[in-house]
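This report refers to the structure that appears directly beneath it.
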Amino acid sequence: MQLRTRLSLEYCTVLLESCIQSKSLFRGKLIHQHLLKCLHRTHETNLTNFDVPFEKLVDLYIACGELKIARHVFDKMPHRPKNVVLWNLLIRAYAWNGPYEEAIDLYYKMLGYGIPPNRFTFPFVLKACSALKEASEGREIHCDIKRLRLESNVYVSTALVDFYAKCGCLDDAKEVFDKMHKRDVVAWNSMISGFSLHEGSYDEVARLLVQMQNDVSPNSSTIVGVLPAVAQVNSLRHGKEIHGFCIRRGFVGDVVVGTGILDVYGKCQCIDYARRIFDMMGIVKNEVTWSAMVGAYVVCDFMREALELFCQLLMLKDDGIVLSAVTLATVIRVCANLTDLSMGSCLHCYAIKSGFVLDLMVGNTLLSMYAKCGIINGAMRFFNEMDLRDAVSFTAIISGYVQNGNSEEGLRMFLKMQLSGIIPEKATMASVLPACAHLAALHYGSCSHCYAISDGLKPDDVTFICLISACSHSGLVAEGNYWFNAMTQDFGIIPRMEHYACMVDLLSRAGLFKEVHSFIEKMPLEPDIRVWSALLSACRVYKNVELGEGVSKKIQKLGPESTGNFVLLSNMYSAVGRWDDAAQVRITQKEQGFEKSPGCSWIEISGVVHTFVGGGYRSHPQLAQISNKLDELLVEMKRLGYQAESSYVFQDVEEEEKERVLLYHSEKLAIAFGILSLSPDKPILVTKNLRVCGDCHTAIKFISLVTRRDITVRDASRFHHFKDGICNCGDFW
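Start counting the sequence shown at 1; every next residue gets the next number (full-length UniProt numbering).
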């Protein structure tokens, strides 16, 4: 009986080896059943005979991707496994597929059972440490390597370099690398790719690449490691040089190399080159390649093209290309930038069906999308449905409330965040402090500052730009002055030109021209165009032509950066009836090659985006209905006391004609079309490329009152939520 069992076990071992080679899971499970029956009938003294076949079973399940079953068999083996190879197999499987903690846990269990690790164990367990960014755990394992005198082994040393570099311990990585007596191409690649992951290491990556060529020849993996560093610094010249090197060495056929080159061109704003690489890759493109091309369109602000490409990608799902959470999150950001709520909602549905909605990154992007589309209630509903939330989730909803003019709710969410035990980050504080400014909550803002300091989250210079800008847009001069002084006195932050521009904007908007003059004179920096432009904008609002002309001359000396300053000066002249001067400014603008962007608004109806250009309403197929609706609205608005503000018409025409010009501003056209196309219970969301003019702002308040509809206009400055004749901005934007 014992002989028959032993022969049966030997035969099972041979069969299991065959199953491992062919990855035949079904046959392996049948053998597993047979082994369990034999084990049940066997006396305890003969259990050692089962060690080898059960080890083979573990190997089979790992090879077939059944890691849970493999671990169960491993844990239930008749004797504790003493074969280090089997332990290495399991540690490797966890290090590659996760959960990574299990790889580290197995390593320590192995040590606890007195089984010494070998040179193959350490690369696997260090890989798990780097995946978890467990620097302290990895350092302890490094001590074990030294104790076993394996540090000189090229494979172990390379794994240490890779671990330290990926954890951001660049000095440690360099120390291990410099001690290596022999460095192969894998060791060099680990060093280069590790440094390439961290910003500010481009020079070190370039130095390593040059040094490497004195030792070994770079391969395609080297190029893959270098390209992210090139993309980070937007070095087009070096990107082209590497592209040429890849062509000469025949690396361009590698999908990973091609994707990396595409990414470099995209980040360097060379969208034509990126698309050419994408098209040349043909059928070898993978999901990462498609994602990189979508990302390139986003970086270059080709949002519609990004959406079109994503739709093409969806059609290729049957060809084996599987979408990732990163790609989905990128496209959701596109919808946010385009205020395309319809497509964003469709992607939300797709995320639910595919299970990606459980991914924290996708969830946070959906939150941001709803907030940026002005659907803050929808964002809040989704926030409450999220199973997992982090600091980014809370920051997105707080920022959404502040952007949509509900600073009070933003502060309530900040309190909820604190109570939930989630530590705010810098981006959170950059949203909370402007909320305090909007509410003139100086005391609460001071408390928020104290909270940030106590948690080591000192606001940086960007935080104060957000804060002073919020004060400027809320008319809070005293608060803005307070934060500007606190920035230097309490936090030791030296103001940059952006801070001075924000302060000039703050004082100018309030009409404090004497204070502005004194502030500019005391500036330690020479004012640039941004500073003078802020002042010129206020001169137009307050019709201070004399000061505006002087400011305009200073801008001309510095060289105008855009059409904006020409438009401000021209509009200022028009506002006071100096039509010839306004015309001359426009002529000068044209001669210098600057073209004014026309006012443009768009609205999405049933998945179709309808665009309207100021004065260009004739191009829309529903011209007659839109025109009639605007006339009807004008009659109703006048009954309630509306009067057209003709100072916002910058053409020399009769007063009656000015009223007609104002009536056909792009946002009014889009709103009229929305009223015609959407049911009365549906809110109207319009996006505009420029700031809403004063007349349109007043008119939309009347329209919301007449039609009893909620109207949201997202302009270049902020969200305006109109309801019952009131705008949430408080008429200050």
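Quick reminder that beta carbons are idealized off the backbone N, C-alpha and C, glycines included.
Here the structure is a predicted model, which means the values were calculated and not measured.
Asked                                                                                                               : Found
Backbone CA spacing between Phe120 and Ser22 [nearest angstrom]                                                     : 25 Å
Val210, buried or exposed, once every other Cβ within 10 Å from all chains shown has been counted against 16        : exposed
Segments of 3+ residues assigned as beta strand (DSSP E) that fall wholly inside the UniProt repeat "PPR" (153-187) : none
Delimiting residues of the alpha helix (DSSP H) encompassing Cys600                                                 : No alpha helix (DSSP H) contains Cys600, which is instead part of the beta strand (DSSP E) from 600-605.
Classification of Thr327 by the beta-carbon crowding that lies within 10 angstroms, buried from 16 upward           : buried
Residues that Val608 bridges to, as DSSP identifies them                                                            : Ile605
Glu66 and Leu9 closer than 8 Å at C-beta                                                                            : no
Any 3 or more C-beta pairs closer than 8 Å across the region 263-281 and the region 290-299                         : yes
Counted within 10 angstroms of its Cβ, other Cβ atoms place Ser190 as buried (16 or more) or exposed                : buried
Assigned secondary structure, Thr121 (DSSP; H/G/I helix, E/B strand, else coil)                                     : helix
Residues near residue 734 in its chain [Cβ-Cβ closer than 7 Å; skip 5 each side]                                    : The structure shown does not extend to residue 734, since the chain spans only 1 to 733, so no value can be given for it.
As assigned by DSSP and simplified to three states, the class of Cys727                                             : strand
Backbone CA spacing between Leu506 and Cys471 [nearest angstrom]                                                    : 7 Å
Own chain residues within Cβ distance below 7 Å of Leu360, not counting five before or after                        : Leu388, Asp390
Contact check, Gly239 vs Val255, beta carbons under 8 Å                                                             : no
Limits of the unbroken beta strand (DSSP E) element including Arg714                                                : 711-714
Same chain only: Cβ atoms within 8 Å of Tyr617, ignoring 5 sequence neighbours per side                             : Residue placement at Tyr617 cannot be trusted, given a pLDDT of 49 that sits under 50; the coordinates are not used to answer.
Proximal residues to Cys19 (C-beta, below 6 Å), its chain only, five neighbours per side dropped                    : Arg27, Gly28, Leu60
Alpha carbon of Leu16 to alpha carbon of Leu111, nearest angstrom                                                   : 29 Å
Asn689 versus Ala296 - alpha carbon distance                                                                        : 22 Å
Supposed contact pair Glu667 and Ala644 - C-beta distance, whole angstroms, cut 8 Å                                 : Actually they are not in contact, since the Cβ atoms of Ala644 and Glu667 sit about 15 Å apart, beyond 8 Å.
Per-residue burial, Arg714 [other beta carbons within 10 Å of its own, 16 or more giving buried]                    : buried
Close Cβ partners of Ala325 (< 8 Å) along its chain, the five nearest in sequence each way excluded                 : Phe356, Asp359, Met361, Val362
Extent of the continuous alpha helix (DSSP H) run through Val52                                                     : 51-63
Supposed contact pair Gly405 and Cys373 - C-beta distance, whole angstroms, cut 8 Å                                 : Their Cβ separation, rounded to whole angstroms, is 15 Å, which puts Cys373 and Gly405 out of contact at 8 Å.
Alpha helix (DSSP H) runs contained entirely in the region 469-536, provided each spans 4 or more residues          : 477-489, 497-509, 513-521
Assigned secondary structure, Val686 (DSSP; H/G/I helix, E/B strand, else coil)                                     : strand
Local conformation of Val322 per DSSP, three classes                                                                : coil
Collapsed DSSP secondary structure at Val462 in the structure displayed                                             : helix
Check whether Val58 and Thr13 have beta carbons under 8 Å apart                                                     : no
Sheet register partners of Phe719 (DSSP bridge)                                                                     : Arg714
Close beta carbons around Ala187, own chain, < 8 Å, minus the five adjacent residues each side                      : Val154, Ser157, Thr158, Val161, Phe177, Met180
Option nearest Gly194 by Cα separation, candidates Leu150, Glu241, Lys127                                           : Lys127
Bridge-paired residues (DSSP) for Val613                                                                            : Cys600
Local conformation of Pro228 per DSSP, three classes                                                                : helix
Backbone secondary structure at Asn404 - three-state DSSP                                                           : coil
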